[in-house]
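Novice: Below you'll find the structure I mean.
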Amino acid sequence: MASLIKTHFKLAKIAIKENRTRSLLTCIGIAIGVASIVLILSLMGSISNLVKSEVNNIGNDLIVVRPSSTKSSITSIVEELTSSNSFQKSNLTTSDVNAILKVGNITAVAPIAISTNTVSSEKNTFPSVPILGTTDDFIIIEPFALKFGSFFKDDDESKTVVLGSTLSLALFNTVNSTVGKMVTIMGEKFMVIGVLDEVEKSINFDNVDFDNALIMNIEDLDRITGSTQIQQINIKASNTDSLTQVSADIEKALKDNKLGDENFSVTYGDQITHPASSLFTVVSGMLTLVAAISLIVGGIGVMNIMLVSVAERTHEIGIRKAVGASGRNILMQFLFEALILSVLGGIFGLVLGYVVAFFISIITPFAPYISLNILFLTFFTTLAIGIIFGIYPAIKAASKNPIDSLKHYR
Amino acid sequence: MEKKVSENTVIELKKITKRYGYGDTESFALKDFDLTIKRGEFIMIMGPSGCGKTTLLNIIGLLDRATSGEYVLNGENIAGISSKRQARLRAKKIGFIFQNFNLIEDLPILENVALPLVYTGHSKTARLKNASNALKRFHLQEREYYFPYQLSGGQQQRVAIARAIVSNPEIILADEPTGNLDSRSSHIVMEELKAIHEEGNTIIMVTHNPALTVYATRVINMLDGQIDTDIKTVADANLPQPISVKIMKKKPETVAIIKKSRSNKTKKRKNRRRKK
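Rendered as structure tokens:
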């Protein structure tokens, strides 16, 4: 049996070499599909890695509470695509934040509520500026450097906001300090109290583009927008050893507060890698779908070429059967050829995908993400493609009548 | 009693019928065809086109199935066996030689010769060694890595013969092996077949050329799917040697068969009902 497999392998190699151009084109078909899948997985992996490294920078005493989606993922994805608000619907409330505050071994709790609104200064007006509502604990958990001014305090009586560096520049047309100037949101005037340093990380576990964002007190945000939804609650534990215990306590406190409702997740450490936006999920899901379609097209290419190959080699099939090949032998021979074509295409695709990922990494912060999982996934996907699209031509070859096949000439 | 007969009998066809089409288009390639082939015979089958020669060869070679009738190979009825078993028997017991050689163009001749051994489960070294030995026998050992198109017709046919004998089959079937060859190459090929026959192999050959019957021990003339004449030739006298070598203990019986066949020869025409 082993010797027969080796023979099939060798025969397939000969057949592929004989039709070099044809085989190469077929492989490219598979390679493009595999390359796009590899590229998407690599990008997703590197985004996760970025978030992971950010979490590591902040410190390993971070606990994050996020709402789980209350609906099935497909409906929520469709809803998000059709609604103007691209942020996840949340069931976390201010009372949940207060419940968490009562848990022991915690140094800081910062709710993060995100909204978009029109922001205007005396010079410029910008629609759809991301506005982040939080408390002053935010700067304790994530120690952002401020270029000018300071972060707001909860007990400030005046209405104050902190601007992202790009937003500050855009609103006031100056790189100089904008502390003390006024911005208008929903007809209310707020004073700029601080400007953040450039962050240059549009992807982070808060899912906020801080350079373009406006940060204000969550109570002010609540008042001007009417209702806010808390997308995420960041918690800093007092020491790293008790993370498991603290997160269990938080979970219990939330469950009690929400009367048994369990639509939230408490994560810490490496689990905080998933970017919060489901827009990200939607986009990567769509890309994967497109990649899968191109892989199917590649598979159809394999099938097409195998059918041509079977037709061309009818005479050979006749000879093989006459000297003692069973239908199964012939089936295996052609199936092997299809498998080798598709796995070869998979290898090309893997290389191609990483080459593209490398070029993307030159212009973006996404370093190519190489993992064993991607290698295995590629291998088994192409194997499956080879079997699915190679079995029909192989069966066709195996069921040929030897006498008719012997009469058949090229 | 019957068992003793089958010791010497390789193939027994009983009432083999091969029908093509149904109803109005019905036609018979073979009709109630009976034939017993003994070990070591060199049978030539002759007859006009369309008389069922090739169909007979295909049925004996397990490439085709009879519509009805019994096919006993080595004492076992194999008329209704699975196509998988058919393939296995083809690989082990039957060697085919064709008019148009039927070599695989993409493979060097060494691998063409080794082809039947692929399907009998031989290891690669055993395959190539056996194939090389078979080629040596036909003086083609220097061309092992030539491709079929680089050889002359006569050489290609010798490669095909080497392929047919490489797995030591019990029966060699040849369908007009000299049909595509000039007279010189034909002669060489026939001499090779004769040599193989003299080693004790059973050969069944279809031919149109009456001159070749000098090599045969038995000549069967077919007409419309049935045996017209069945003659033992002079060469039949050479028959005992391989048989006596192969099955020594049955020697007296062998002699009896020869006597019987000689008497047939004088009669020139054989009774069609030979079932008994």
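If you read the protein sequences in the order shown, they are chains X and C. The first sequence: position 123 = 123 (the numbering used here), numbered continuously. The second sequence: position 267 = 267 (the numbering used here), numbered continuously. Ideal placement from N, C-alpha and C gives every residue a C-beta, glycine not left out.
Between which two residues does the beta strand (DSSP E) carrying C/Y71 extend?
Specialist: By one-based count along the second sequence, residue 71 of chain C stands at place 71. Element bounds for C/Y71: S68 to L73.
Novice: Quick check: what's the CA-CA separation for X/V131 versus X/L169?
Specialist: Stepping through the first sequence from its first residue, residue 131 of chain X is reached at position 131. Stepping through the first sequence from its first residue, residue 169 of chain X is reached at position 169. The displayed chain sequence assigns Ile, not Val, to residue 131 of chain X. Distance between the alpha carbons of X/I131 and X/L169 is about 16 Å.
Novice: Would you call X/R66 buried or exposed, if buried means 16 or more other Cβ atoms sit within 10 Å of its Cβ?
Specialist: For the purposes of this step, residue 66 of chain X is taken as the residue at position 66 of the first sequence. Burial call: buried.
Novice: With DSSP run on the structure shown, which of helix, strand or coil describes C/N271?
Specialist: Counting from one through the second sequence, the residue named residue 271 of chain C turns up at place 271. Caution is warranted here: a pLDDT of 48 is assigned to C/N271, below 50, making its placement in the model unreliable, and no coordinate value can be reported.
Novice: Return no unless some Cβ of chain C is closer than 9 Å to the Cβ of X/S23.
Specialist: Translated into positions along the first sequence, residue 23 of chain X becomes position 23. Output row for X/S23: interface = no.
Novice: Mind checking who X/F264 pairs with in its DSSP beta bridge?
Specialist: Within the first sequence, residue 264 of chain X is the residue found at index 264, counting from 1. Paired residues: X/P67.
Novice: Which residues does DSSP pair with X/E337 in a beta bridge?
Specialist: Locating residue 337 of chain X in the first sequence gives position 337, counting from the first residue. Answer by DSSP bridge pairing: none, since X/E337 is not bridged.
Novice: Where does the unbroken beta strand (DSSP E) through X/S120 begin, and where does it stop?
Specialist: Here residue 120 of chain X refers to the residue found at position 120 of the first sequence. Its beta strand (DSSP E) spans residues I106 to S120.
Novice: Taking the alpha carbon of C/Y20 as the reference point, which residue from C/G52, C/I43 and C/I37 has its own alpha carbon closest?
Specialist: Here residue 20 of chain C corresponds to residue number 20 of the second sequence, with the count starting at 1. Comparing Cα positions, the closest option is C/G52.
Novice: Tell me whether the segment 288 to 308 of chain X and the segment 5 to 12 of chain X touch, counting them as touching only if at least three CB pairs, one residue from each stretch, are closer than 8 Å.
Specialist: Touching, no, given that fewer than three Cβ pairs across the two stretches are closer than 8 Å.
Novice: How many angstroms separate the CA atom of X/G187 from the CA atom of X/I139?
Specialist: Taking the first residue of the first sequence as 1, we reach residue 187 of chain X at position 187. Taking the first residue of the first sequence as 1, we reach residue 139 of chain X at position 139. So the alpha carbons of these two residues sit roughly 27 Å apart.
Novice: Threshold first: 3 residues or longer. Then list the beta strand (DSSP E) segments lying entirely within the segment 149 to 210 of chain C, N to C.
Specialist: Counting whole runs of 3 or more residues, the segment 149 to 210 of chain C contains the beta strand (DSSP E) stretches 171 to 175 and 202 to 206.
Novice: Please list, in chain order, all residues of the same chain as C/R158 whose beta carbon is under 7 Å from its beta carbon, the five residues on each side excluded.
Specialist: The sequence position of residue 158 of chain C within the second sequence is 158, counting from 1. Answer for C/R158: F138, L140, V189 and E192, listed in chain order.
Novice: Count the other CB atoms within 10 Å of the CB of C/P210; is the residue buried (16 or more) or exposed (fewer)?
Specialist: Position 210 of the second sequence, counting from 1, holds the residue named residue 210 of chain C. Result: exposed.
Novice: Using a Cβ-Cβ cut-off of 9 Å, state whether X/A292 counts as contacting chain C.
Specialist: One-based indexing of the first sequence puts residue 292 of chain X at position 292. Judged by the 9 Å Cβ criterion, X/A292 is not in contact with chain C.
Novice: Kindly list, in the order they appear in chain X, the residues whose Cβ is closer than 7 Å to that of C/F138.
Specialist: Here residue 138 of chain C is taken as the residue at index 138 of the second sequence, counted from 1. What C/F138 touches in chain X: nothing, since even the nearest Cβ is about 17 Å away.
Novice: Looking at X/T134 and X/I112, is the spacing between their C-beta atoms short of 9 Å?
Specialist: In the first sequence, residue 112 of chain X corresponds to position 112, counting from 1. In the first sequence, residue 134 of chain X corresponds to position 134, counting from 1. The answer is yes: Cβ separation under 9 Å.
Novice: Strictly under 9 Å for the Cβ-Cβ distance: is C/I94 near chain X by that measure?
Specialist: Residue 94 of chain C sits at position 94 when you count from the first residue of the second sequence. By this cut-off, C/I94 is an interface position.
Novice: Would you identify the three-state DSSP class for X/L412, choosing helix, strand or coil?
Specialist: Any question about residue 412 of chain X goes unanswered here, given that chain X covers just 1 to 410.
Novice: At a Cβ threshold of 9 Å, is X/R20 touching chain C?
Specialist: For the purposes of this step, residue 20 of chain X is identified with residue 20 of the first sequence, where counting begins at 1. No, its Cβ sits nowhere closer than 9 Å to a Cβ of chain C.
Novice: Evaluate the contact criterion for the segment 60 to 70 of chain C versus the segment 78 to 86 of chain C: three or more CB pairs, one atom per stretch, below 8 Å.
Specialist: The answer is yes - the segment 78 to 86 of chain C touches the segment 60 to 70 of chain C, with three or more Cβ pairs under 8 Å.
Novice: Can you confirm whether X/K321, when its beta carbon is compared against all beta carbons of chain C, has any partner nearer than 9 Å?
Specialist: On the first sequence, residue 321 of chain X is found 321 positions in, with the first residue counted as 1. With 9 Å as the cut-off, X/K321 counts as an interface residue toward chain C.
Novice: Quick one, which residues of the segment 297 to 326 of chain X are near chain C if we go by CB-CB under 8 Å, in chain order?
Specialist: Flagged, chain order: H315, E316, G318, I319, R320, K321, A322, V323, G324, A325 and S326.
Novice: Using the beta-carbon count (16 or more within 10 Å), is X/Y369 buried or exposed?
Specialist: Residue mapping note: residue 369 of chain X aligns to position 369 of the first sequence, counting from 1. Buried, since its Cβ has 16 or more Cβ neighbours within 10 Å.
Novice: CA-CA distance, X/C27 and X/G194?
Specialist: One-based indexing of the first sequence puts residue 27 of chain X at position 27. One-based indexing of the first sequence puts residue 194 of chain X at position 194. Near 57 Å, if we compare the C-alpha coordinates of X/G194 and X/C27.
Novice: Should C/N58 be flagged as near chain X, meaning a C-beta pair shorter than 9 Å?
Specialist: Numbered from its first residue, the second sequence carries residue 58 of chain C at position 58. Yes - at least one Cβ of chain X is within 9 Å of the one on C/N58.
Novice: With 8 Å as the limit, tell me which residues of the segment 329 to 358 of chain X have their beta carbon closer than that to any beta carbon of chain C; keep them in chain order.
Specialist: Within the segment 329 to 358 of chain X, the residues whose Cβ lies closer than 8 Å to some Cβ of chain C are N329, listed in chain order.
Novice: In angstroms with no decimal places, state the Cα-to-Cα distance between X/T244 and X/L254.
Specialist: On the first sequence, residue 244 of chain X is found 244 positions in, with the first residue counted as 1. On the first sequence, residue 254 of chain X is found 254 positions in, with the first residue counted as 1. Looking at the two C-alpha atoms, the distance is approximately 15 Å.
Novice: Below 8 Å on the Cβ atoms is my contact criterion, and I expect C/Y71 with C/L110 to pass it. Report the Cβ-Cβ distance as a whole number of Å.
Specialist: What you label residue 71 of chain C is simply residue 71 of the second sequence in a count that begins at 1. What you label residue 110 of chain C is simply residue 110 of the second sequence in a count that begins at 1. Not quite, the Cβ-Cβ distance comes to about 34 Å (not below 8 Å), so this is no contact.
Novice: Within this structure, are the beta carbons of X/G164 and X/L221 separated by less than 9 Å?
Specialist: Working through the first sequence from its first residue, we reach residue 164 of chain X at position 164. Working through the first sequence from its first residue, we reach residue 221 of chain X at position 221. In this structure, X/L221 does not lie closer than 9 Å to X/G164 by Cβ.
Novice: How many angstroms separate the CA atom of X/I395 from the CA atom of X/N19?
Specialist: By 1-based counting over the first sequence, the position of residue 395 of chain X is 395. By 1-based counting over the first sequence, the position of residue 19 of chain X is 19. One C-alpha to the other measures close to 21 Å.
Novice: Using the rule of at least 16 other Cβ atoms within 10 Å of the residue's Cβ for burial, across every protein chain shown, is X/T107 buried or exposed?
Specialist: Counted from its first residue, the first sequence places residue 107 of chain X at position 107. X/T107 comes out exposed.
Novice: Is there a C-beta anywhere in chain C that falls below 9 Å from the one on X/S3?
Specialist: Here residue 3 of chain X is taken as the residue at index 3 of the first sequence, counted from 1. Chain C contact via Cβ: present.
Novice: Output needed for C/E105: all residues of its chain with C-beta closer than 8 Å, excluding positions within five of it in sequence on either side, in chain order.
Specialist: Residue numbering aside, residue 105 of chain C sits at position 105 when the second sequence is read from its first letter. Excluding sequence neighbours, C/E105 sits near F147, P148 and Y149.
Novice: Of all the CB atoms in chain X, is at least one closer than 9 Å to the CB of C/R19?
Specialist: Position 19 of the second sequence, counting from 1, holds the residue named residue 19 of chain C. So, not an interface residue.
Novice: Take the Cβ of C/V245 as the centre, count every other Cβ of all protein chains shown within 10 Å, and call the residue buried at 16 or more, exposed below.
Specialist: Taking the second sequence and counting its residues from 1, one reaches residue 245 of chain C at position 245. Annotation note: pLDDT 35 at C/V245 (below 50); position unreliable, coordinate value reported separately. Burial call: exposed.
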